[in-house]
Each structure stands twice: as C-alpha cells, then as structure tokens.
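Novice: Counting from 15, one number per residue, gives the positions in the first sequence under this note's numbering. All residues carry an ideal CB built from backbone N, CA and C; glycine is no exception. Please read these numbers as outputs of a predicted model, since none were measured by experiment.
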Amino acid sequence: MSITPFDEIIEQNDQTAARREHLEKLRELVGNPYPNKFGRSTLSGEEDTITRLLEYPPVAEINAEMYAILASLGEGERPPAEKKDALNKRLKALGNVRIAGRMAVPPRVMGKAAFVHLSDGISRLQVYVRKQDAVAISNDTGEPLDEEGKAWEVFGYLDHGDFIGVEGYLFITNTGELSVHVEKLQFLAKAMLPMPDKMHGIADPEIRQRQRYADLIASSLQIEHDGLTTREVFERRAKLISSIRHFLEDHGYIEVETPMLTPKATGAAAKPFKTHHNALDIDLYARIAPELYLKRLVVGGFEKVYELNRNFRNEGISYKHNPEFTMLEFYCAYMDVNGMMDFCEQLLINSITFSNGSLSVKLTNDPYADVVIDFSSFERISMREAVIRFWQNKGQRIGQGDLDIDWFDDIDKLRRLVLWTALIDNELRKSGMQQMNVATILNYDPKLESGDNDDEDDMGISIYIDVISKELGFWQATESINDSFKAGHETDFQRFETRIQRVLRTVLDNSMSEELQLARITQFLFEEVVERNLIQPTFIVDYPKSISPLSKASPQNPQVAERFELFINGMEVANGFSELNDPREQYDRFADQMKARESGDEEAMVLDEDYIRALSYGMPPAAGIGIGIDRLTMLLTNKHSIRDVILFPHMRPEKRVATEDTESKE
RNA sequence: GGUCCGAUAGCUCAGUCGGUAGAGCAAAUGGCUUUUAACCAUUGGGUCCCAGGUUCGAGUCCUGGUCGGAUCACCA
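(1) Under the rule that 16 or more other beta-carbon atoms within 10 Å means buried, what is Q223, buried or exposed?
(2) Determine the contact status of F561 and Y601, defining contact as a CB-CB distance below 7 Å.
(3) Keeping to the same chain, check which residues put their C-beta closer than 6 Å to that of L417; ignore five residues upstream and five downstream.
(4) So which of F581, A567 and V168 has the shortest CA-CA distance to F540?
(5) Which word fits H260, buried or exposed, when buried means at least 16 other C-beta atoms lie within 10 angstroms of its C-beta?
(6) Looking only at its chain, what residues have a beta carbon closer than 6 Å to the beta carbon of L139, apart from the 5 residues adjacent to it on each side?
(7) For S568 versus E579, is the C-beta spacing smaller than 7 Å?
(8) Locate the alpha helix (DSSP H) running through E528, then write down its first and last residues.
(9) Please check the pair D350 and P635, which I expect to be a contact at CB under 8 Å, by giving their CB distance rounded to whole angstroms.
(10) Just verifying my parser: in three-state terms, what is the DSSP assignment at T56?
(11) Decide if the stretch 647 to 667 is in contact with the stretch 318 to 334; the criterion is three or more beta carbon pairs, one per stretch, under 8 Å apart.
(12) Per DSSP, H265 forms a beta bridge with which residues?
(13) Per DSSP, which one or two residues make a beta bridge with Y171?
(14) If you draw a straight line from the alpha carbon of L548 to that of E542, how long is it in whole angstroms?
(15) Would the beta-carbon of Y267 fall within 7 Å of that of F344?
(16) Roughly how many angstroms separate the alpha carbons of K253 and K145, rounded to a whole number?
(17) Is the CB-CB distance between G281 and L306 below 7 Å?
(18) Leaving out five residues before and five after V270 in sequence, what residues of the same chain have Cβ atoms less than 8 Å from its Cβ?
(19) Out of T536, D644, L530 and L661, point me to the one whose CA is closest to A618's CA.
(20) Using a Cβ-Cβ cutoff of less than 8 Å, which residues in the same chain neighbour R226 once the five nearest sequence positions on both sides are dropped?
(21) Measuring straight from C-alpha to C-alpha, what distance separates E69 and G353?
(22) Over the uninterrupted alpha helix (DSSP H) stretch that includes D21, give me the two end residues.
(23) Taking the C-alpha atoms as reference points, what is the distance between L67 and C358?
(24) With DSSP collapsed to three states, give me the class of A347.
(25) Taking Cβ positions, are Y81 and A203 nearer each other than 7 Å?
(26) Tell me the rounded alpha-carbon separation between A217 and Q236.
(27) Can you check whether the CB of L594 is closer than 7 Å to the CB of S565?
(28) Where E263 and A588 are concerned, what is the direct C-alpha to C-alpha distance, given to the nearest angstrom?
(29) Any chance the stretch 161 to 169 sits against the stretch 113 to 120, with 3 or more Cβ pairs inside 8 Å?
(30) My output table needs one value for H195: the three-state DSSP class, helix, strand or coil.
(31) Hey, how far is the Cα of G632 from the Cα of V313?
(32) From the DSSP output, which residues share a beta bridge with F177?
(33) Would you list the one or two residues that DSSP bridges to Y320?
(34) Could you check which residue in S390, A610, R324 and P337 has the C-alpha nearest to that of L361?
(35) Tell me the DSSP bridge mates of F185?
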C-alpha cells in the first residue's frame, strides 16, 4: 500500500509556492523556522495572551478612555493629540509586553512601516513594525540579529496566517487603536496554506465540518459575522456542560465512567455498533446507553450518580442524529418521576441561565423561524391528551372531528385512526383527497364489505388498506396527481406504500398482545400528530408501560409507566422515569422484549442477566433521566443541525482525486 | 433511496440570445514611516466537474455519469 505524497495532501498552487519560498528565506534569515517556545510577558499575572492583556485592568481602563473619546468624535475625525499623548504616556509606563499570535490579516505595509493584527483565537491586537525600530530575533541563538534592517526583511517574508511573537510597548495610534510598537520580532511558525476568505469565511458547509480547524480559523479571522462564531458555539457548549457538572456536584451527585465497550448492547432501543476483542475472542458492542451500569451503581450504594459522555447508535444520520452523541444520565435514589421532572427543570434553568445569560432563545434557522423558546416554563401533559389536543389542530386543517380519550382503549378505532393518519401525507394532502370524514372511518365495519377473509394474518391489514383506499378515493387521487405532476409522482406512491407497510408491520401487527398494540398505536399517533408541534418545553407524561421496559408502572394505573419525555422545538431532549427495581418484573419485561426481538423488532432490548442479579441485591426506589446534550446545545446556539454543535461530526470518507482505485461501491 | 438545486481563477461569485473567459479578494513586482476591508501602479493565474452529442462555433443547448447541497423517506 502506497502512502499519499506530501504534495498531494496539501494542494500546490502559486499561493503555496510563494509561502514555501518565504519559509526558505526565513530559514536563511532567522534559522530554525519552527522554534520550540516563545516566552510571553506576565503583566496580567500569568502569561499574557492577547485576551488577558486586553482585560488587564490598567490596559482595559486606558482602552476604555480611548473608546470614550472616539465615541465623542464625528465621522472620520481623529482623537486630539494631547489626549492621545497623555494616554500613551500611561501605556509606556506599564513597560514592555511580549505577545504572540497568528497574523489575522495580511500585513498593511507602507514603505518603511507596517501594521498587522495578531490573534490569540479569541481577541486580536494590532502591532506596528517600523523598520528603524525593530530588530529580529534569531531562532537558533535567541539573540537579536545585529545587522540593521533584518527585522524588516523578515517581516517582508511573513504571510497572512503565520505565527509571530513580538516585544514592544503599548501605544495608541492616530486613529485611536491600541497597538504594540514592536522592538523585537520573532518568527514562530508558518502557515503553508492560504487563509480562508476574510470576508466570506468558508462557504462550503462540508469543508466547515470536515476541516473544523479551518472553520475555527475563519471564524476568528472574520471581522463581521451574524450569529455566533463557530468558536462561540463550542464555548457555549463547554459552558453548558461545565455548569451542568457544577449543578449536579452541588447537589451531591458523583460523576462516574462506565464501559463504552460492552458485551451486551442494552438499556435503550437502538441498533449498536459491533466490534471484536481479539485476546478474549468475544464480540463487543459500543454502548447505546450507560443506563444499566449506572443503576448497578445505585444498587452498590451510589445514591446520586451521573455520567456525561458519549453513546453510539448505528442508525441514520439526520439533522438531529449523529452516530455518536453526548448524553447526560443521572440517577437519584428515593426520588420518583415527578421529583425528577422538578429537578430536571431546575437543572436546565440553572445551566441555561449560566451558559446563555437568558432563559429565552430565538431560533431563526428552523422551519419554525423566529420562534422564541422560553425555558422558564415547562408544561406537563399526558401522551393521550397531547394526541387529542393536536388532533384537533390537525382536524381543523383537514376538516374533521375530535378524538375522545376513551378511544385509546379501543383497538378497532385506533387502528382506523392510524391508517387515516398514515394516509395524510404532505404530498397527498395537496391532491384534495383529505375530504374524508373521520366518523366514516370509525363507523365503517370492514367485515361487512370484505367478503371472504379466512386468512387471519391479513385481518386488519389488506382489509383496512382496501377499505380506506376506497373511502378516500385514493386511487383516483393518485391518478389525478399523476396527470397533473406527470411521472415524477410515482415515487409518492412508492413512498405511500412503504409508509403503509411500515405502519402495518410495526403498528398494526396482530401477533402482538392487545396491550402492546394499543401502546404502539398511541405512540405512533403521538409521533405523527404531536411531536413536531411541541415547540415550547413540554414534558409528555403517562407513557404506555409496554413500551417502557425499564420503568415502573404508575400506582394509579398499571398500564401506564411513570415515565416522561421532554420535547423542545419538536425534538426529544430528555427521557426519564421511576426506575423499575423489582428484579422479577424486570426479568419478565426483558422476556417480553426478547419475544419482540425474535419476531423481528431489531430495537427491542436485550436481556441482561447480570443486571437482573444486581437488582436482586435490592435497589432503592429511584428516578433517572437521560438528557441529550447535543440537541440542547442546538437549541441554545440557534443551530438547526446537530453537525454544527459537534466539532468533528461523522461524514462519509473524503473523496480525493482518485488516480487509481476508482472502485465504487453502492 | 426519491425530488429539486448546484459545480467557472487559490477563495467568494458574475457570465445576457450559442460567437475571443470576467470582477472583488488572495498572490507576485514596484511605490508609500500611524494604517485598519489601507491605498496607487503593474503582472501572473482557467481541463468552465467528466464523457459523449447537436452546431460553422458550446461555460451556455441535449444525453449519460461524478461530486456536493437542500428536502422527503428511513432512523424515536
């Protein structure tokens, strides 16, 4: 296998050739072009980064005074010389500074003097190099080069993006900008590649995500930008995470790390990544959730425990899904689901206030543009009530009736509603076929019209599809679509078919117990009708027990789990419940899951025998929760894509100009 | 996987009806000792994504492909 030659890894053009020449010239002038260190001054008490220096009170004060003077001037006016000179006297009294950074702009050279801005990634500071005042430092000896004009020559070979260190005194220029008057100049490192466009940054979203380093440089170089810079997005993310940790630790939680590689992928409904350990010769799975390990720790006496780290799910990638994502999970002994919702609210309010400074966030990139999310109030509503509420909204759009809470126990009615809902597809809605009356579906008895149907398996499948198709005039509608939109809409029909098949397979499967069917249907209706409409923070409570295999049943209603999910802007952000701690019942629930797995449900949970053993030692009553940190960050940073809040999101492999190996696989 | 949109200088983008390939930024050279999207002058830089077709002539029109984006589907 051949390795990629250096010159193919970085693109070669006139720009890189110039930089390469400059590098060689610098090597001649100052020696080693990659020195090992540069000692910065310590006026601010620690090493002076540009940011620290600008925040150093005496400097900040003088700067503020200068700004005040500038603010009082008219357009194009310059600050009066006396005031400026007075400030410069105070600056000079501070002594010399030594700072370093990346040249954030191409140098502005004027004959025998030049200005350039240095950036420490956060802040920038202008430096002024005058030919007669500056000496260059040798990178080999660390001593000044004797010859006059060397520094100026060195400066001539510097490019936009290079790193330099300077020593000199602070002063304010004629136009009122704080700057360093350079007396010593040291070259520190070369940028061999040209910097991103200073006005536009990096336009290609793929390069932004793939070459995050370039994106970060670009956002620090750009002078003006709307919204948060990339760096600010990740600073906010870091602040959010750190404030969550502080809050939990202040409330007695201890942070732990449980295995990422596990012999069983369980604790959530998801498909895992599989790998193999050679020495042990066993298959391992990247964890899909730390849940069962954390509860083992509750068994072991960690009454309050949390883990904030990555989970891995081998599923689709979308604006809200990345194969690895960061989740906070925590557990609290002696607490139930209601206590957990209260605590979750407090946690979010606290950490959002800390990281964002405010509890309201305006979203501008979403389909729901200009929505303001208000994190100060959290609604609580049961799953069934939510379906009813939004069904009414949907009913208004489509023209038909309301639901009744009793119907959630009527399998026949629910099945019809599911098909009805499944049929109301965006594209199909346009065709005018939506004039169907809900009452007609509900009152329709398939047995009357279906004639011979001894095939039990098909009961409620082909019949329903046939009946509802007829009722809705679907076939006619499809034809009229085909007429008006031509052949292109055949795919809509295919989509409809796969959609119906999915519904039939996962929601209307007769082989499941009636309880499970009711649960699945309710969940389906919730996803179809409600989920995307939950914009403001909303806890959905009272989940069907049969789709919540790790949570305790409600004392009031054995069919209902003490479980909630928090939805914001149509996304699931958190999921919590009263933890099931009866080992026998937990075993039975796992057994049900394994049964579902055998009949083809790939996401049903896997039995974990050791977890059952752990519960058998006794676990106190407890509540737990998982919170999606990436999605929360999306909300706080006004980003519509999870890739914008993950530094290095997963992408398909980079396509290089393939010289050989043009093999493409589907 | 479906649909729509896109690919032109290192970057961001124009390119009319089919008639010699353009701008700004970046780069090179010269000038300029307080500029700041520095300025002034000069210069270099192109497989117009690929292949085929129509045409006297294709960046432009047609067909096929590659790559990318948006969106829908899948994925709680």
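Specialist: Taking the definition as stated:
(1) As a working note, residue 223 is residue 209 in the first sequence. When all chains shown are included, Q223 counts as buried.
(2) Here residue 561 refers to the residue found at position 547 when the first sequence is read from its first residue. Here residue 601 refers to the residue found at position 587 when the first sequence is read from its first residue. The amino acid occupying residue 561 in the given sequence is Ile; Phe does not appear at that position. No, the pair does not count as a contact, with Cβ atoms beyond the cut-off.
(3) Counting from 1 along the first sequence, the entry for residue 417 is found at position 403. Only I402 and W405 meet the Cβ criterion.
(4) Numbered from its first residue, the first sequence carries residue 540 at position 526. It is F581 whose Cα lies nearest to the Cα of F540.
(5) Here residue 260 is taken as the residue at index 246 of the first sequence, counted from 1. When all chains shown are included, H260 counts as exposed.
(6) Position 125 of the first sequence, counting from 1, holds the residue named residue 139. Non-local C-beta neighbours of L139 in its own chain, meaning closer than 6 Å and more than five positions away in sequence, comprise I64 and L132, ordered along the chain.
(7) Within the first sequence, numbered from 1, the residue matching residue 568 stands at position 554. Within the first sequence, numbered from 1, the residue matching residue 579 stands at position 565. It is not a contact, given that the beta carbons lie outside the stated cut-off.
(8) Taking the first residue of the first sequence as 1, we reach residue 528 at position 514. Looking at the DSSP string, the run of the alpha helix (DSSP H) that includes E528 is E528 to L539.
(9) For the purposes of this step, residue 350 is taken as residue 336 along the first sequence, with counting starting at 1. For the purposes of this step, residue 635 is taken as residue 621 along the first sequence, with counting starting at 1. Yes, D350 and P635 are in contact; Cβ-Cβ is about 7 Å, under 8 Å.
(10) Position 42 of the first sequence, counted from the start, is the residue given in the question as residue 56. T56: coil per DSSP, three-state reduction.
(11) yes
(12) Position 251 of the first sequence, counting from 1, holds the residue named residue 265. For H265, which the question treats as bridged, DSSP gives no partner whatsoever.
(13) For the purposes of this step, residue 171 is identified with residue 157 of the first sequence, where counting begins at 1. DSSP, once it has assigned bridges, lists no residue as partnering Y171.
(14) Here residue 548 refers to the residue found at position 534 when the first sequence is read from its first residue. Here residue 542 refers to the residue found at position 528 when the first sequence is read from its first residue. Distance between the alpha carbons of L548 and E542 is about 12 Å.
(15) In the first sequence, the residue the question calls residue 267 occupies position 253. In the first sequence, the residue the question calls residue 344 occupies position 330. Going by C-beta atoms, Y267 is nearer than 7 Å to F344.
(16) Working through the first sequence from its first residue, we reach residue 253 at position 239. Working through the first sequence from its first residue, we reach residue 145 at position 131. Spanning the two alpha carbons is a distance of roughly 44 Å.
(17) Translated into positions along the first sequence, residue 281 becomes position 267. Translated into positions along the first sequence, residue 306 becomes position 292. Contact flag set, yes.
(18) Here the question's residue 270 lines up with position 256 in the first sequence. The residues are L308, L311, F316, V319, Y320 and E321.
(19) On the first sequence, residue 618 is found 604 positions in, with the first residue counted as 1. For A618, the nearest C-alpha among the options comes from L530.
(20) For the purposes of this step, residue 226 is taken as residue 212 along the first sequence, with counting starting at 1. In its chain, beyond the 5 residues on either side, T244, L661 and F662 have a beta carbon closer than 8 Å to the beta carbon of R226.
(21) For the purposes of this step, residue 69 is taken as residue 55 along the first sequence, with counting starting at 1. For the purposes of this step, residue 353 is taken as residue 339 along the first sequence, with counting starting at 1. Approximately 43 Å between the Cα atoms of the pair.
(22) By one-based count along the first sequence, residue 21 stands at place 7. From DSSP, the alpha helix (DSSP H) with D21 extends over F20 to I23.
(23) Mapped onto the first sequence, residue 67 falls at position 53. Mapped onto the first sequence, residue 358 falls at position 344. Answer to the nearest angstrom: the Cα atoms are 39 Å apart.
(24) Sequence index remark: in the first sequence, residue 347 carries index 333 (1-based). Note: A347 maps to strand in three-state DSSP.
(25) In the first sequence, counting from the first residue as 1, residue 81 sits at position 67. In the first sequence, counting from the first residue as 1, residue 203 sits at position 189. No, they are not a contact pair.
(26) The residue given as residue 217 occupies position 203 in the first sequence. The residue given as residue 236 occupies position 222 in the first sequence. Taking the straight line from one Cα to the other gives about 12 Å.
(27) By 1-based counting over the first sequence, the position of residue 565 is 551. By 1-based counting over the first sequence, the position of residue 594 is 580. Yes, the Cβ-Cβ distance between S565 and L594 is below 7 Å.
(28) Looking up residue 263 in the first sequence gives position 249. Looking up residue 588 in the first sequence gives position 574. Computed Cα separation, rounded: 20 Å.
(29) no
(30) Taking the first sequence and counting its residues from 1, the one referred to as residue 195 is at position 181. H195: strand per DSSP, three-state reduction.
(31) Residue 632 sits at position 618 when you count from the first residue of the first sequence. Residue 313 sits at position 299 when you count from the first residue of the first sequence. Straight across, the Cα-Cα distance linking G632 with V313 is about 6 Å.
(32) Here residue 177 corresponds to residue number 163 of the first sequence, with the count starting at 1. Paired residues: R116 and A203.
(33) For this step, residue 320 is matched to residue 306 along the first sequence. In the DSSP output, where bridge partners are listed per residue, Y320 has E269 and F344.
(34) Residue 361 sits at position 347 when you count from the first residue of the first sequence. Looking from the CA of L361, the closest CA among S390, A610, R324 and P337 belongs to S390.
(35) To locate residue 185, count along the first sequence from 1; it is residue 171. Answer by DSSP bridge pairing, in chain order: S193.
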